[in-house]
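Undergrad: First the structure, then my questions, so here it is.
In our numbering, the protein residues as written are 157 to 391.
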């Protein structure tokens, strides 16, 4: 049985930072993409042995423009930010990782700063005044475009061409549902890995299984824990 693993890059990095805090560097995050995919090949729910076909990671290039902060009006170059450097290095390492194909969409630049939701609530409740606002109370308006459609097209292509018999989706977005329904009608098994993110109840009817391969408490992959357990038994 051949399995393809499709990963929402932005979602993956947010969950990876939370679950694998000690390993959250660009290089190790890219390495963990392969580890995660291989961990899904070892699934007792599958009656047949699974073989990794390919890993597809969907993301967008980081924003590299110049702007002025909303309160202090200081100039900022996004290329100098940690977010830009991390995402660029993550992409660079992914391109050199075996079995991985990077699918890049684009960023929609809203050209504006948006007040953070918690700041808005604090203002409305009177816990914060306008005079106390700082640059940290705002985030720059950017949005990934073309990522979901690329993932959907790849799912459809894999299904119609019969390239795989199982697809693992690493995402927390419900936009995958139409593509998943199409693939299931073509006989493809769909497994969702939400990396312990909350999943809406209605999604269960559109997938064949739900499985996260990173231990939520220890932050270790299931395959890592098995290796450790085996060593103890041999000793």
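The beta-carbon is built from N, C-alpha and C at its ideal position, and this holds for glycine as well.
Measure the Cβ-Cβ separation of residue 122 and residue 218 and say whether it is below 8 Å.
TA: This structure leaves residue 122 out entirely; the chain is present only between 157 and 391.
Undergrad: For the candidate residues 270, 312, 342, 348, whose alpha-carbon lies nearest to that of residue 329?
TA: If you number the chain shown from 1, residue 329 lands on position 173. Looking at the Cα atoms, 348 is the closest of the given residues.
Undergrad: Does DSSP classify residue 165 as helix, strand or coil?
TA: Position 9 of the chain shown, counted from the start, is the residue given in the question as residue 165. Looking at residue 165 - three-state DSSP - the assignment turns out to be helix.
Undergrad: In this structure, what does DSSP give as the bridge partners for residue 269?
TA: Counting from 1 along the chain shown, the entry for residue 269 is found at position 113. Paired residues: 296.
Undergrad: What ranges does the alpha helix (DSSP H) occupy inside the segment 202-258, keeping only unbroken runs of at least 4 residues that lie completely in it?
TA: Counting whole runs of 4 or more residues, the segment 202-258 contains the alpha helix (DSSP H) stretches 238-251.
Undergrad: With H, G and I counted as helix, E and B as strand and the rest as coil, what does DSSP make of residue 301?
TA: Translated into the one-based positions of the chain shown, residue 301 becomes position 145. In this structure, residue 301 counts as strand in the three-state DSSP scheme.
Undergrad: Any idea what DSSP makes of residue 370, helix, strand or coil?
TA: Within the chain shown, numbered from 1, the residue matching residue 370 stands at position 214. Here residue 370 sits in strand by DSSP.
Undergrad: Going by C-alpha to C-alpha distance, which of 345, 342, 165, 291 sits closest to residue 269?
TA: Locating residue 269 in the chain shown gives position 113, where the first residue counts as 1. Measuring from the Cα of residue 269, the nearest candidate turns out to be 291.
Undergrad: Under 6 Å Cβ to Cβ from residue 253, same chain only, skipping five residues before and after it: list those, please.
TA: The residue labelled residue 253 in the question sits at position 97 within the chain shown. 186, 190, listed in sequence order.
Undergrad: Kindly give me the distance between the Cβ atoms of residue 224 and residue 232, rounded to whole angstroms, as I take these residues to be in contact under 8 Å.
TA: Position 68 of the chain shown holds residue 224. Position 76 of the chain shown holds residue 232. Sure, about 7 Å apart at Cβ, within 8 Å.
Undergrad: Considering only DSSP beta bridges, list what residue 377 is partnered with.
TA: Residue numbering aside, residue 377 sits at position 221 when the chain shown is read from its first letter. Looking at the DSSP assignment, residue 377 forms a beta bridge with 370.
Undergrad: State buried or exposed for residue 261, treating a residue as buried only when at least 16 other CB atoms are found within 10 Å of its CB.
TA: The residue labelled residue 261 in the question sits at position 105 within the chain shown. Residue 261 should be labelled buried.
Undergrad: Please check the pair residue 311 and residue 353, which I expect to be a contact at CB under 8 Å, by giving their CB distance rounded to whole angstroms.
TA: What you label residue 311 is simply residue 155 of the chain shown in a count that begins at 1. What you label residue 353 is simply residue 197 of the chain shown in a count that begins at 1. So it is not a contact: roughly 20 Å between Cβ atoms.
Undergrad: State yes or no: is the C-beta of residue 176 within less than 8 Å of the C-beta of residue 188?
TA: Walking along the chain shown from the start, residue 176 turns up at place 20. Walking along the chain shown from the start, residue 188 turns up at place 32. Cβ atoms of residue 176 and residue 188: closer than 8 Å.
Undergrad: Distance check for residue 207 and residue 400, CA to CA, integer angstroms please.
TA: Because the chain in this structure spans residues 157 to 391, residue 400 falls outside the shown range and cannot be described.
Undergrad: Among 287, 313, 343, 282, which residue has its Cα nearest to the Cα of residue 162?
TA: Within the chain shown, numbered from 1, the residue matching residue 162 stands at position 6. Comparing Cα positions, the closest option is 313.
Undergrad: Excluding the 5 residues preceding and the 5 following residue 350 in the sequence, name in chain order all residues of the same chain whose CB lies nearer than 6 Å to its CB.
TA: By 1-based counting over the chain shown, the position of residue 350 is 194. Within the same chain, residue 350 has close Cβ partners 328.
Undergrad: In the DSSP assignment, the alpha helix (DSSP H) including residue 345 goes from what residue to what residue?
TA: Residue numbering aside, residue 345 sits at position 189 when the chain shown is read from its first letter. Counting along the chain, residue 345 falls outside any alpha helix (DSSP H), though it belongs to the beta strand (DSSP E) covering 345-348.
Undergrad: How would you call residue 160, buried or exposed, if buried means at least 16 neighbouring beta carbons within 10 angstroms?
TA: To locate residue 160, count along the chain shown from 1; it is residue 4. Buried, since its Cβ has 16 or more Cβ neighbours within 10 Å.
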